[in-house]
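Position one of the sequence shown corresponds to residue 0 (numbering that gives the first Met the number 0), numbered consecutively onward. Even for Gly, the Cβ is constructed at its ideal location relative to N, Cα and C. Some notes on the structure that comes next.
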Amino acid sequence: MNRSANSCLTSRAAGRGGPPDPGVRWPAARMRGWPRPAGACLVAFLACVVLGCRGEAPAQKDVPDASSSVTTREPTPAPPTKKSLPAALTVVPRLDDVARDSGIDFSYYSDVVPNRYFVPEIMGGGAAWIDYDLDGWLDLYLTNGCRIERREADDTEHRNQLFRNLGGGRFANVTLPSGTGDTGYGQGVAVGDFDADGFPDLYVANYGPNVLLHNNGDGTFADVTRAAGVGDDKWGSSVAFADLDGDGDLDIYVANFLDNTLENNKVVTYAHGPGYSGPGNYQGVQDAVYVNQGDGTFLERSEQLGFSEHDGLGKGLCVIVVDLDDDLVPEIYVGNDMTPNFLYVRRAGPLPGSQPGGPDPPVHYEDLAVPAGCAASDQGEYEASMGIACDDFNNDARPDLFLCHFHMAKNTLYLNQGNLLLTDESRRTRIAATSYNNLCFGTVAFDWDRDGEMDLFNATGNVLGPNFSPNEMPPQLLRKDDQHRFHDVSEHVMGEYFKGKWLARAVAGGDYDNDGDLDIAVSHIDRPAGLLRNDTRAPGHFLGIELRTPTRVPPVGGRVEVTAGKRRTVRPVYSGGSYHASHDPRLLFTLGADDESADVTIHWPTGRVDVFRLSRDAYWRIVEGGEPTRVQWE
């Protein structure tokens, strides 16, 4: 979750991005946020008084050494600053937590044991929107924890939960009759129809063996993990379904985190008591890549495809599969915790050095994150990378990447310059200015005020433990103005949820009530999961698009252009994103108040281009090569 080339932890990231690795020598240029010599501090103070201070990250105090039990002073929170008024806030956001009123009553069981401070306890569960019964209403799947040290082999007290959308804003718990109640220590979850039978399936990443649940099409699921060969037993985090080898079926990318076990667990001692350690004390573990064989089975092919990681560099927390260079072939971007992020680019032919005619896949991947500029921050720092949001944040028709980072550190916005070059524009866009008081996990981009600019919702909450303050944190809503600058408007949000503080983790965006605006499911630690219904009274209209292909493989890597009036919006088709979550796969576009319809151009990954004119305030289902169908619900 945060900082420089030799990995490990900094003072800005004492838990998930926590204490520094003893013995690591940090370059002077990377020392922002560290204690400075007294003379340097005096010079800096005088310069600040005379010349005026700039809004950089607040300096940190002493740093806890995670390799010892010596008590040190914890980082000092930034002093409160006067908030600038949001630019042209003419629409008041409203997000109401209606989870319990809707029938969703669920709390993640993290199995916290006093004084154990085992890192998985603080990472939280996942959330996924899935229309498992194909009735047009999004259902909600939430992963759950379990007893890590099980006293009985048949301990089934804590299960993942599936809530069926009944329409009318109501959900029913169908976990037991559906057979979806996996009892592992749940983390992330992905939705994908791996066998192309028309019904979406679930892949659940666990701390421990992962699980593949096959949708039988009759309202029930079957655990086919063993038969499919996808039960990776490392610490799985976020997951994505996509056609990674280009053969026309869905493969699975599993971002794995750390080798943290009960046997090697370390506890950090802060001034106010013990707390959770950070990733620098553990090795990363190899991500798993399962290649679909087309017969219900998979083969793990991370090495053969070029995804091999060395020296424990991969500590994956988020993953997204999206086309970043407009060639209709998706890249794979993996956010790693305090180690270099990965940007895997597909290349034709098997991995160099493999045997000709062997069983290796017909393509391979190359990590180009360093030359692309998205392995580290603009300061060369490896950051926390808990969650990721993808959209066109500067209206240049290219998908950009927003990454969530640690408390007292900036979040990062990589703007896509084309030709696989991304630049960290966090400061110029004011993303950095909105970041320092929060620790961001799940995130989603959406245009909540319908002004044509993509905004952000961020789930927040610390990871050091209850002895550290702040621990719980308020949620964050950002608004982007027409100059591509972000403003924190959280204090203006109507609804009780934004008046509270939370240990929030996964964020899954989905229009569960089919009214044309994005609602948000949020998982929490120690508190019930939230369902934030978007009741913002925003002007303008919407256009919803659901894409399908004849092979039933989602067109990940494609893109959709919508033109209405003077506004042109380009949105990518991607898989993964956020943290531990799976979003609504449909695309939502904003139309103006006077726009009756819009011109829609679809660039499919096959190279086909379809053009339609579609009317507003409706969802349209479009199968590649076919005519649009307006979606109706009972």
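Query: Skipping 5 residues on each side, what residues in its chain have a beta carbon closer than 6 Å to that of R31?; Result: Confidence at R31 is low in this model, with a pLDDT of 28, below 50, so the placement of that residue should be treated as unreliable; the coordinate-derived value is given next. Correct list: empty, nothing qualifies.
Query: Across the segment 565-585 and the segment 375-394, are there enough close Cβ pairs to call them in contact, namely three or more that are closer than 8 Å?; Result: yes
Query: Excluding five sequence neighbours on each side, which residues of the same chain lie with their C-beta closer than 6 Å to the C-beta of V229?; Result: L211, Y289, F297
Query: Specify whether the segment 129-149 and the segment 535-543 touch according to this definition: at least 3 beta carbon pairs, one from each stretch, less than 8 Å apart.; Result: no
Query: Please work out which residues of its chain come closer than 8 Å, Cβ to Cβ, to V608, disregarding the five sequence neighbours upstream and downstream, and give them in chain order.; Result: T600, I601, H602
Query: In chain order, what residues of the same chain have a beta carbon less than 7 Å from the beta carbon of D359, not counting five sequence neighbours either side?; Result: Q303, P349, L350, S353
Query: Below 8 Å CB to CB, which residues in the same chain sit around A597 once its five sequence neighbours on both sides are set aside?; Result: L542, V561, T562, A563, F588, L590, R612, L613, R615
Query: According to DSSP, is E490 helix, strand or coil?; Result: helix
Query: Extract the residue ranges of the beta strand (DSSP E) inside the segment 368-417, only unbroken runs of 3 or more that lie entirely within it.; Result: 387-390, 399-402, 411-417
Query: Which residues in the same chain have their Cβ closer than 8 Å to the Cβ of F170, if we skip the five residues on either side of it in sequence?; Result: S101, G102, I103, D138, L139, F162, R163, N164
Query: Once you ignore the five residues that flank G625 on each side, which residues in its own chain have a CB closer than 7 Å to its CB?; Result: none
Query: For a quick check, are the C-beta atoms of A239 and A204 less than 8 Å apart?; Result: no
Query: Which of the three DSSP states is assigned to T459 in this structure?; Result: strand
Query: Please list, in chain order, all residues of the same chain as D250 whose beta carbon is under 8 Å from its beta carbon, the five residues on each side excluded.; Result: F240, A241, D242, L243, D244, V288, Y289, V290, N291, F297
Query: Counting only the same chain and skipping the five closest in sequence on each side, list residues whose C-beta sits under 7 Å from that of L84.; Result: Because L84 sits at a pLDDT of 43, beneath the cut-off of 50, its placement in the model cannot be relied upon, and the following sentence gives the value as read from the coordinates. For L84, where only same-chain residues beyond five positions count, there are no Cβ hits under 7 Å.
Query: By how many angstroms is the C-alpha of L327 removed from the C-alpha of L586?; Result: 17 Å
Query: Taking 7 Å as the limit between beta carbons, can you name the residues of its chain near R629, skipping five residues before and five after?; Result: A617, W619
Query: When the Cα atoms are used, what is the spatial distance from F497 to S489?; Result: 7 Å
Query: Excluding sequence positions up to five away, which residues of its chain have a Cβ less than 7 Å from the Cβ of A227?; Result: L211, G295, T296, F297
Query: From D583, I544, D217, pick the residue whose C-alpha is nearest to that of P627; which is it?; Result: I544
Query: Quick check: the Cα distance between G180 and F220, rounded to an integer number of angstroms?; Result: 10 Å
Query: Quick check on E495: does DSSP put it in helix, strand or coil?; Result: helix
Query: Is it buried or exposed for K565, if we count other Cβ within 10 angstroms and need 16 for buried?; Result: exposed
Query: Alpha carbons only, please: which of P584, T568, R567 is nearest the one belonging to S574?; Result: P584
Query: Provide the residue(s) that pair with S109 in DSSP beta bridges, ordered along the chain.; Result: Bridge partners of S109: none, in fact.
Query: Using the Cβ count rule (16 or more neighbours within 10 Å means buried), how would you classify V278?; Result: Sequence inspection shows Pro at residue 278; the Val mentioned does not correspond to that position. Result: buried.
Query: Could you give the uninterrupted runs of the beta strand (DSSP E) lying entirely in the segment 534-588, keeping only those of 3 residues or more?; Result: 540-547, 558-563, 566-571
Query: Just to confirm my understanding: we take D594, look at its own chain, exclude 5 residues before and 5 after, and list those with CB closer than 7 Å. What are they?; Result: H540, A563, G564, R615
Query: Short of 6 Å in beta carbon distance, which residues of its chain neighbour D248, apart from the five on each side in sequence? Order them along the chain.; Result: N291, G293
Query: With a threshold of 6 Å on Cβ separation, who are the neighbours of R570 within its own chain once the five nearest residues in sequence on each side are excluded?; Result: V559, L586
Query: Identify whether G279 lies in helix, strand or coil by the three-state DSSP scheme.; Result: helix
Query: For L502, which of Q475, G515, P549, D518 has the nearest alpha-carbon?; Result: Q475
Query: Just how far apart, CA to CA, sit H483 and V111?; Result: 42 Å
Query: Taking 8 Å as the threshold (C-beta atoms), are M407 and Y381 in contact?; Result: no
Query: Strictly by DSSP, which residues pair up with M472?; Result: W501
Query: Out of curiosity, what's the CA-to-CA distance linking S109 and T142?; Result: 11 Å
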